[in-house]
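Student:
So, in C-alpha cells, the structure goes:
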C-alpha cells in the first residue's frame, strides 16, 4: 500500500474512531476530534486528511438516522458486540458513498482496509465489503423512498420542533443542519467593517456580521493576529444589542465564557464585569480579549449565588442550555442530549434568572438568552419568571433592534432565530432572547 493510500486509510480509521467516541463514549464531537488528531489515527495525517475525516464524521452524525435505517435493510441481523468498530466503519462508509459522493471504489476499498486493521472488525471485513458494495448499487433507490428529515431527527426533538414551530418549519430546520455552516465574524470597530469584509472576501449580513464560506484555518485569515475581529455566529451577536447603547455604562455579563458577547459589549464601549464559574473558561475569555485589545473585569463565581453587594443597570444572562440551536455546528448535540438534560438545564436557568433579578437595579434591563430551540429553555422560562416576579415586565424587541429582520421577532416581542432564517445567505444558529425590565 503506497503513501497516498495510507493517508486515505488514516482518514477512514480516524472517522470511525471519532464516531465511536461520540456515540458510544458520549464525548463531544469537537473534543473527540481533537483527541484523535493529537494521539489517534490522525496524529500524523495531513491537514486535508484531518479535514476529510471531520467531514465524514460530521456527515455521518447529521445523517445518522437515515444511515442506520439503511444499514438495517442491508444487514440481515444485528452485529454482535465482538464486532468492535465494524458498525462505525459502515456508518462512515455509507456517509461517503451516499452523501459525500466519494468514488465508490475508494470508499469501499479504504473502509474494508480500515476494518482489516481493527482487532475486532477484521473478522467482519467481508461483511463491510458486501454491505458497502450493495450500497453503491442500491443506496440511491433506497434514499428516494425515505423520509430522511424525520429519520435524522431524534423523536423528542422532532416532537418539540413540530409542536413549537410546525412540521414544515421543523423540516426546514433539519435541512439546514445537513450543510456545513459558514464562518461568521464580528468586527471590533464598525468603521473598519467594509475594509475587513473586502480583505476577507466576506458578505456583510444585515446585522453587520461578516460571513465567509470555506474560510479555511481561522488563524490564517487577515486581521486575526491584529485583533480586528472574533468568530461569533450572527444570531449569537444579537442578544447583546438588545441592551441598547452601552457606551460608558457598566454591564454584568453572567455565564460569560468563552467571551463573544463580552467582547461585543467591551468593543461597544461598555465597562464589563464578566462572570463565569469556570476558571479555565475565563482564562480562554481573557486570552481572547487580550488578542482583541479589549478589557473586562473577570470574576470566578457561581451565578446562582453571586453576592457582590451591589446592583447593575444592565445585565446579560447567556444561560447554559441544551444547545439544540447549534446542531448545524455541533452535529453531536441531537445524539448526546435528551429531554432529561433539557429539563435539568431548564431548572438551572430558572435559578440563574431568579438570582440575576436580585442583581438588577430598579429601572434596569436584563436580557436573558439561550442557544436552544426548546420552548422550555426560552419563552416558557420567561413566562414562568414573569409570573413569579411582578416587578418585572417584557420590553418588547422591535424590528429596529434586530436590523429590520422581522421574521426573528415573535408575537410576544422576544427574539427567536431559527436555523432556517436567512436560509438564502446560509442560515443562523437557533437563539432565543427576551428583554426584561424592572420597575423603578
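In full-length UniProt numbering, the protein residues as written are 1 to 440.
Using N, Cα and C, we set each Cβ at its ideal position, and we do this for glycine too.
Remember, predicted model here, so these are calculated numbers, not experimental data.
(1) Does the beta-carbon of residue 5 have 16 or more other beta-carbons within 10 angstroms, so that it is buried, or is it exposed?
(2) Do residue 114 and residue 16 count as a contact pair if the criterion is CB distance below 9 angstroms?
(3) Have a look at 12, 415 and 49 and flag the residue whose alpha-carbon is nearest the alpha-carbon of residue 236.
(4) Grab me the residues of residue 157's own chain with a C-beta within less than 7 angstroms of its C-beta, minus the 5 sequence neighbours each way, in chain order.
(5) Please specify which runs of the alpha helix (DSSP H), each continuous and at least 4 residues long, are wholly inside the stretch 99–138, giving them in chain order.
(6) With DSSP as the reference, label residue 355 as helix, strand or coil.
(7) Measure from the alpha carbon of residue 434 to the alpha carbon of each residue in 330, 238 and 261, then state which is nearest.
(8) Answer with yes or no whether the minimum CB distance from residue 161 to chain C is below 9 angstroms.
(9) Could you check where the alpha helix (DSSP H) with residue 175 kicks off and where it finishes?
(10) Pick helix, strand or coil for residue 364, following the three-state DSSP scheme.
(11) Between the C-alpha atoms of residue 279 and residue 222, what's the straight-line distance to the nearest angstrom?
(12) By DSSP's criteria, residue 297 is part of a beta bridge. Which residues make up the other side?
(13) Mind the definition here: the stretch 178–185 touches the stretch 206–213 only if three or more C-beta pairs lie below 8 angstroms; say whether that holds.
(14) Comparing alpha-carbon positions, which option in 225, 270, 37 and 260 lies nearest residue 243?
(15) Using 8 angstroms as the threshold, is the stretch 58–71 in touch with the stretch 98–115, meaning 3 or more CB pairs across them?
(16) Report yes if the C-beta distance between residue 178 and residue 418 is below 9 angstroms; otherwise report no.
(17) On a Cα-Cα basis, can you pick out the residue from 378, 311 and 363 that is closest to residue 370?
(18) In terms of DSSP beta bridges, what is residue 186 paired with?
(19) Whether or not the stretch 303–316 and the stretch 349–369 are in contact is what I'm after, with contact meaning three or more pairs of Cβ atoms, one per stretch, closer than 8 angstroms; do they touch?
(20) With burial defined as no fewer than 16 other Cβ atoms inside 10 Å of the residue's Cβ, what is the status of residue 193: buried or exposed?
(21) Less than 7 angstroms between C-beta atoms, sequence neighbours within five positions excluded: which residues of the same chain meet that for residue 9?
(22) Mind checking whether residue 53 and residue 36 have CB atoms under 9 angstroms apart?
(23) Which residues share a DSSP beta bridge with residue 371?
(24) Could you tell me the alpha carbon to alpha carbon distance between residue 385 and residue 355, rounded to whole angstroms?
(25) Give me the Cβ distance between residue 368 and residue 436, rounded to the nearest whole Å; I'm assuming they're in contact under 8 angstroms.
(26) Helix, strand or coil, according to DSSP, for residue 450 in the structure here?
(27) Comparing alpha-carbon positions, which option in 181, 71, 438 and 141 lies nearest residue 330?
(28) Can the beta-carbon of residue 70 be found less than 9 angstroms from the beta-carbon of residue 143?
(29) Report all residues from its chain with a CB closer than 6 angstroms to the CB of residue 11; omit the five preceding and five following residues, and keep chain order.
(30) Please look up how many angstroms separate the CB atoms of residue 272 and residue 253, rounded, as I've assumed it's under 8 angstroms.
(31) Closest to residue 94 by CA distance: which of 76, 68 and 77 is it?
(32) Measure how close the beta-carbons of residue 55 and residue 83 come, nearest whole angstrom, since I'm counting them as under 8 angstroms.
Tutor: Reading off the structure:
(1) For residue 5, the pLDDT reaches just 47, beneath the cut-off of 50, and the residue's location in the model is therefore unreliable, although a value from the coordinates is still provided. That one is exposed.
(2) Taking the C-beta atoms as reference points, residue 114 is found nearer than 9 angstroms to residue 16.
(3) Answer by Cα proximity: 415.
(4) In the same chain as residue 157, and ignoring 5 residues on each side of it, the C-beta atoms closer than 7 angstroms to its own belong to 324 and 334, in chain order.
(5) Counting whole runs of 4 or more residues, the stretch 99–138 contains the alpha helix (DSSP H) stretches 104–117.
(6) If DSSP states are grouped into helix, strand and coil, residue 355 belongs with the helices.
(7) Of 330, 238 and 261, the smallest CA-CA separation from residue 434 is found for 238.
(8) Absence of chain C from the displayed structure is noted, only one protein chain being present.
(9) The continuous alpha helix (DSSP H) containing residue 175 extends over residues 167–177.
(10) DSSP places residue 364 in strand when its eight states are reduced to three.
(11) Rounded to the nearest angstrom, the two C-alpha atoms are 30 angstroms apart.
(12) DSSP lists 273 as partners of residue 297.
(13) In short, these stretches touch, since the Cβ pair count reaches three.
(14) Between residue 243 and the set 225, 270, 37 and 260, the nearest pair of CA atoms involves 270.
(15) Here the stretch 58–71 lies against the stretch 98–115, with 3 or more beta-carbon pairs under 8 angstroms apart.
(16) At least 9 angstroms separates the beta-carbon of residue 178 from that of residue 418.
(17) Per the C-alpha coordinates, the member of 378, 311 and 363 positioned closest to residue 370 is 378.
(18) According to DSSP, which records beta bridges pairwise, residue 186 is partnered with 230.
(19) The answer is yes - the stretch 303–316 touches the stretch 349–369, with three or more Cβ pairs under 8 angstroms.
(20) Classification for residue 193: buried.
(21) Once the five neighbours on either side are set aside, the close Cβ partners of residue 9 are 110, 113 and 114.
(22) Between residue 53 and residue 36, the C-beta gap is smaller than 9 angstroms, which places the two residues in contact.
(23) Answer is none; residue 371 lacks a bridge partner.
(24) The alpha-carbon separation between residue 385 and residue 355 amounts to approximately 11 angstroms.
(25) Approximately 7 angstroms separates the beta-carbon atoms of residue 368 and residue 436; this is inside 8 angstroms, confirming the contact.
(26) Residue numbering for the chain in the displayed model covers 1 to 440; residue 450 lies beyond these limits and cannot be assessed.
(27) Ranking the options by Cα distance to residue 330, first place goes to 181.
(28) Contact: yes.
(29) So the list reads 49, 52 and 53, once near-sequence residues are dropped.
(30) That belief holds up - the Cβ atoms of residue 272 and residue 253 are roughly 5 angstroms apart, short of 8 angstroms.
(31) Of the candidates 76, 68 and 77, the one whose C-alpha sits nearest the C-alpha of residue 94 is 68.
(32) At roughly 25 angstroms, the Cβ-Cβ gap does not stay under 8 angstroms, so residue 55 and residue 83 are not in contact.
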